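Read through the structure below, which is laid out as structure tokens, and then see the notes.
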């Protein structure tokens, strides 16, 4: 199993349904750990 880590990925975005919510830009911070078998791609 191979693992890819993305730590402290910051994405500035607009989140909201209503107009007053969509006026404010927010930063979303993600920490991801993704694992899968990539041996076929590496061959």
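In my numbering, the protein residues as written are 29 to 71. The C-beta atom is built at its ideal place from N, Cα and C for all residues, glycine as well. Keep in mind it's a predicted model, so treat the numbers as computed, not measured.
query: Pop quiz: residue 30 and residue 59 are said to be a contact at Cβ under 8 Å. What is the actual Cβ separation, rounded to whole angstroms?; result: Wrong, their Cβ atoms sit about 18 Å apart, outside the cutoff.
query: Ordered along the chain, which non-local residues of its own chain (more than five positions away) have a Cβ less than 6 Å from that of residue 32?; result: 62
query: Distance check for residue 68 and residue 47, CA to CA, integer angstroms please.; result: 47 Å
query: Just the C-alpha distance for residue 40 and residue 52, rounded to the nearest angstrom, thanks.; result: 10 Å
query: Could you tell me the boundaries of the beta strand (DSSP E) in which residue 53 lies?; result: 53-64
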